[in-house]
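J.:
In my numbering, the protein residues as written are 34 to 459.
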């Protein structure tokens, strides 16, 4: 089964918890804190595998979870970090974060890897909190939570030339003539249900990959027929080759067919019309070909190269291949995505923004939200009085107490962070 798009959730491993321990050997006076740090949680890494051609394995794996790092131990023993989870995907796989819309990875080369979700760092043991003013800290940290993301994973095939056209115009026959690809060929629409790839060799010894895409129809970019499902595979191609039934065997106007296909390409992605295009005028062995071909030439832009061929008799098809081999050699490699489409990390800001939000709900309940605050909450061990005190001091340092007062919070009002409730005290 050919699967080229899935949505999955990934959860990197949480960091291991830090340990609270003290040194208590008989002959060691003032032993002090002796708790080790937790280990790093496992990252989720996607790796391109040249042996894969479909996302079938991910279709039934709706969630991928990393392992938690090992907890720290006494005697300053740090926990072991967890091994990363490697997810193998086909070449040409694009990974998008559905929440932010950013591209996380575009895996185009064999064995290329990308960290999709980072594991949490290990929590610090109480030894790490020892200071001159607090020589025996009685608290440690929980591990940092691993990143959690909802992803769209899609395969955009790595082909140099994409054959596009309406159903039954001869795309599959052409690719079978010039490569070892063996697509299903029959005299009915939508014979091709999945893209076919073929390695093609020109007479100048240049070889390239050609893709035969399922037939497009009007409205394909909006979901009609099979087009919207496979149009993504033409986004990487360097050249678009329109295959047109110039003999009009189904009673259509070849020029109108050409305009219709271009309209669908533009509706799907305007960048597609900027790619070099050629036209393969197929079915030259039929009597109705010549008249339609001459009318077509009168309407076309003379700068677009047109090749009259017969895929059925394999006439002049190699000329197309030779031209494409020369053309591809001259074309530069252009990236599929611009830098601003990838996940970005802000290096500086012009205005300092608060790392939290405070909202008032019914019954004098104040709700504090924010990644930094929630992470601090999750990493705090509330079983220790010192840990709770440190948590309160951190909130004060972040300006949350002052902000609550400015918003009108009163003594005794309830404050909530995630599922934790506490009373506000001035």
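Yeah, the Cβ is synthetic: ideal placement off N, Cα and C, and Gly gets one too.
Which word fits residue 197, buried or exposed, when buried means at least 16 other C-beta atoms lie within 10 angstroms of its C-beta?
T.: So residue 197 ends up on the buried side.
J.: Just the C-alpha distance for residue 202 and residue 86, rounded to the nearest angstrom, thanks.
T.: Computed Cα separation, rounded: 26 Å.
J.: Just curious, the beta strand (DSSP E) that residue 243 is in, first and last residue?
T.: Its beta strand (DSSP E) spans residues 240-245.
J.: According to DSSP, residue 230 sits in a beta bridge with which residue or residues?
T.: Residue 230 pairs with 244.
J.: Let me confirm a value: residue 392 is counted as buried when at least 16 other C-beta atoms fall within 10 Å, else exposed. Which label applies?
T.: That one is exposed.
J.: Answer yes or no: do residue 190 and residue 228 have a C-beta to C-beta separation smaller than 8 Å?
T.: Against a cut-off of 8 Å, the Cβ pair of residue 228 and residue 190 comes out as a contact.
J.: Considering only residues of the region 402-437, which uninterrupted alpha helix (DSSP H) runs meet the minimum length of 4 residues and lie entirely inside it, listed in chain order?
T.: Counting whole runs of 4 or more residues, the region 402-437 contains the alpha helix (DSSP H) stretches 404-411 and 418-430.
J.: For a quick check, are the C-beta atoms of residue 22 and residue 146 less than 8 Å apart?
T.: Not covered by the structure: residue 22. The range shown for the chain is 34 to 459.
J.: Once the 5 residues before and after residue 61 are set aside, which same chain residues still bring their CB inside 6 Å of it?
T.: So the list is empty, once near-sequence residues are dropped.
J.: Does at least one heavy atom of the ligand NAD sit under 7 Å from the Cβ of residue 156?
T.: In the structure on display, the ligand NAD does not appear, and there are no ligands present to speak of.
J.: Cα separation between residue 225 and residue 200?
T.: Low per-residue confidence applies at residue 225: pLDDT is 47, beneath 50, and the placement is therefore not dependable enough to give any value.
J.: Would you call residue 115 buried or exposed, if buried means 16 or more other Cβ atoms sit within 10 Å of its Cβ?
T.: Residue 115 should be labelled buried.
J.: Of the residues 429, 136, 72 and 158, which one's Cα is nearest the Cα of residue 108?
T.: Among 429, 136, 72 and 158, the Cα nearest to that of residue 108 is on 158.
J.: Can you grab the Cα-Cα spacing for the pair residue 104 / residue 110, in whole Å?
T.: Approximately 9 Å between the Cα atoms of the pair.
J.: In angstroms with no decimal places, state the Cα-to-Cα distance between residue 275 and residue 317.
T.: Between residue 275 and residue 317, the C-alpha separation is close to 15 Å.
J.: For residue 350, which of helix, strand or coil comes out of DSSP?
T.: If DSSP states are grouped into helix, strand and coil, residue 350 belongs with the helices.
J.: Compute the beta-carbon to beta-carbon distance between residue 153 and residue 65, rounded to the nearest angstrom, for a pair I have assumed lies under 8 Å.
T.: That belief does not hold up - the Cβ atoms of residue 153 and residue 65 are roughly 27 Å apart, past 8 Å.
J.: Only counting the same chain, and skipping five residues up and downstream in sequence, which positions put a Cβ closer than 8 Å to that of residue 100?
T.: Excluding positions up to five away in sequence, the list reads 46, 74, 75, 115, 116 and 118.
J.: Quick check on residue 302: does DSSP put it in helix, strand or coil?
T.: Here residue 302 sits in coil by DSSP.
J.: Go to residue 327, then tell me how far its alpha helix (DSSP H) extends in each direction, as first and last residue.
T.: Where residue 327 is concerned, the enclosing alpha helix (DSSP H) stretches over 322-332.
J.: In whole angstroms, give me the CA-to-CA distance for residue 353 and residue 234.
T.: Computed Cα separation, rounded: 11 Å.
J.: Where does residue 315 fall in DSSP's three states?
T.: Three-state DSSP puts residue 315 in a strand.
J.: How close, in whole Å, do the beta carbons of residue 186 and residue 126 come, if the pair is a contact with beta carbons under 8 Å?
T.: Between residue 126 and residue 186 the Cβ distance is about 6 Å, and since that is below 8 Å, they are a contact.
J.: Looking only at its own chain, which residues have a Cβ that is under 7 Å from the Cβ of residue 121, when we skip the five neighbours before and after it?
T.: 80, 82 and 85, listed in sequence order.
J.: Does the beta-carbon of residue 335 have 16 or more other beta-carbons within 10 angstroms, so that it is buried, or is it exposed?
T.: Exposed, because fewer than 16 other Cβ atoms sit within 10 Å of the Cβ of residue 335.
J.: Between which two residues does the alpha helix (DSSP H) carrying residue 206 extend?
T.: Unbroken alpha helix (DSSP H) run through residue 206: 204-211.
J.: Closest by CA to residue 93, which one among 40, 50, 444 and 176?
T.: Among 40, 50, 444 and 176, the Cα nearest to that of residue 93 belongs to 40.
J.: Please look up how many angstroms separate the CB atoms of residue 232 and residue 357, rounded, as I've assumed it's under 8 Å.
T.: Residue 232 to residue 357, Cβ: 13 Å. No contact.
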